[in-house]
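The structure appears right after this line, and notes come after that.
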Amino acid sequence: MTIHRRTIIGAAVAAAAIHARPASAAEVTLRYAGTLPTSHHNAIGQQRLADRVKELTNGEVEIQVYPAGQLYGARDIPTAVVSGGVDMGHNLTSVWSTDAVAEIPDLPFLFADAAHAERCWEPAGPLHRGFAAHVERRRMKLIHTMFFGSLFDFGNNGRLIREPADLRGMKIRGYGRLSAEGLRALGASPIVMSPGEMYLGIQRGTIDGAITGVTSLESRKIWEVVKHATITGAAFGVMAVNISMARWNALRPAHQEALMKAGEEVYRWAAQESGRRDVHSTQFLIDKGIETLVLSAEQKATWAQAFAPAAAAWESRASAEAKQLVEEVRALRRAA
């Protein structure tokens, strides 16, 4: 075979390879870490964001989704995002930072209901604005939030928790500083452990129970190792989806716009889905034979009084900015 003939054949093979490539080959790939089981609506929200961004960018941006702690544990994700170990991640706001602004969703009974929380966290709302500014100072960009739903709900093996006094002497898993202060105010001993450790901790008797969201009592199968559940609705969990500022700045404006648009759509979906899932998971516990109590309005008022020391502790360390945000949240509640 002559050199000329080999050249023609080589060129033909190369041309065929080029035409065989997908027409929408991604020019940007982002890795997105989460920790919730694939059945949880926040993990589904991860995939919804990926699918919508791919659609909006005609396949130019691919988000590779890693739920269920496949890449990092919950408390490792913030460092991984900032350092470049992963491009994006989601976490409860109070896991991204221990600053008082990040703890606002954990303030006991701050939100009247899910509709009130939605107004506060929508892209133009005070809490979205405040948290976005906070994480930007930490070299991250807030893409959107997702509602986790009801939080500070109990699963335990000791007794049904009807009132704060029932918690005295119990070792209960918490998830952050304010939740630990809340448990102490209620008379329990807080034990901080990652979400993935709750099941074995309860099963082995290391802890008597755990606070988490009612959806996690179902999706993390905590119902298998507890006899009682109390749905307090004391806090409203919010998952923040952040990308490193360095990675964000490297994106083309059109890709940035697609991420934000898709993020707002997922936010709206999650706001509705979280409420539906809270109701479903509560009924799921009842159907599984778990003795389950949902606090009434009168019971919530009693619990709110017991939480007062934790609220005061937050107030003592909160900046003027954080306090102003809480006032805006309360104003929206009064205006409803």
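Start counting the sequence shown at 4; every next residue gets the next number (the working numbering).
From the three backbone atoms N, C-alpha and C, an ideal C-beta is built for every residue, glycine too.
Counting along the chain, Arg165 sits inside no beta strand (DSSP E), nor does DSSP assign it H or E at all. Across the set Thr101, Leu296 and Ala321, the C-alpha of Leu296 shows the shortest separation from the C-alpha of Thr285. Following the DSSP letters along the chain, one finds Pro81 inside the alpha helix (DSSP H) bounded by residues Ile80 to Ser86. For His43, no beta strand (DSSP E) encloses it, and the DSSP letter there is neither H nor E.
Residue environment for Gly208: exposed (fewer than 16 other C-beta atoms within 10 angstroms of its C-beta). When the Cα atoms are used, Thr60 and Thr32 turn out to be separated by approximately 12 Å. Annotated three-state conformation of Thr233 is strand, per DSSP.
In summary, Ala311 is exposed, with fewer than 16 beta-carbon neighbours lying within 10 Å of its beta-carbon over all protein chains present.
Exclusion of the five residues before and after Ile194 leaves Lys174, Arg176 and Ile210 as the residues of its chain whose Cβ lies within less than 6 Å of its Cβ. In this structure, the CA atom of Gly76 is about 30 Å from the CA atom of Arg255. When DSSP states are grouped into helix, strand and coil, Val89 belongs to the coil group. As DSSP reads the structure, Met242 sits in a beta bridge with Leu95 and Met149.
In this structure, the beta-carbon distance from Gly185 to Val229 does not fall below 9 Å. DSSP, reduced to helix, strand and coil, places Phe157 within a strand of the structure shown.
Between Ile246 and Met91, the C-beta gap is smaller than 9 Å, which places the two residues in contact. Gly212 and Arg187 have their C-alpha atoms some 14 Å from each other. Judged by DSSP in its simplified three-state form, Glu125 adopts coil rather than helix or strand.
Using a Cβ distance threshold of 9 Å, His131 and Ser100 do not count as a contacting pair.
Looking at the DSSP output, Gln67 shares a beta bridge with Arg34. A residue is called buried when at least 16 other Cβ atoms come within 10 angstroms of its Cβ; Glu121 meets this threshold and is buried. Within the model, the alpha-carbon separation for Gly133 versus Ile107 is close to 10 Å. Burial is judged here by how many other beta carbons sit within 10 angstroms of a residue's own beta carbon; Ala238 has at least 16 and is buried. A direct Cα-to-Cα measurement between Arg142 and Ala249 gives close to 8 Å.
One thing to note: His231 has its Cβ within 9 Å of the Cβ of Glu294. With 16 or more neighbouring CB atoms inside 10 Å of its own CB, Thr215 falls in the buried class.
The C-alpha of Val56 is placed about 31 Å away from the C-alpha of Val332.
The Cβ atoms of Asn45 and Phe151 lie closer than 9 Å to each other.
Taking C-beta atoms as the reference points, Gln67 and Ala83 fail to come closer than 9 Å.
Ser192 and Lys264 have their alpha carbons spaced roughly 43 Å apart. One thing to note: Tyr35 has its Cβ no nearer than 9 Å to the Cβ of Trp124. Cβ neighbours of Val217 within its own chain (closer than 6 Å, five residues either side excluded): Ser153, Asp156, Ile234, Asp281, Ser284 and Thr285. For Gly266, the enclosing alpha helix (DSSP H) begins and ends at Pro256 to Asp290.
For Ser222 and Tyr202, the gap between their C-alpha atoms comes out near 11 Å. Listed in chain order, the non-local C-beta contacts of Ile225 below 8 Å within the same chain comprise Gly158, Met201, Tyr202, Ile205, Ala213, Thr215 and Ser219, local neighbours out to five positions each way being set aside. When Gly278, Gln275, Gly266 and Leu163 are compared, the shortest CA-CA separation from Pro126 is found for Gly266.
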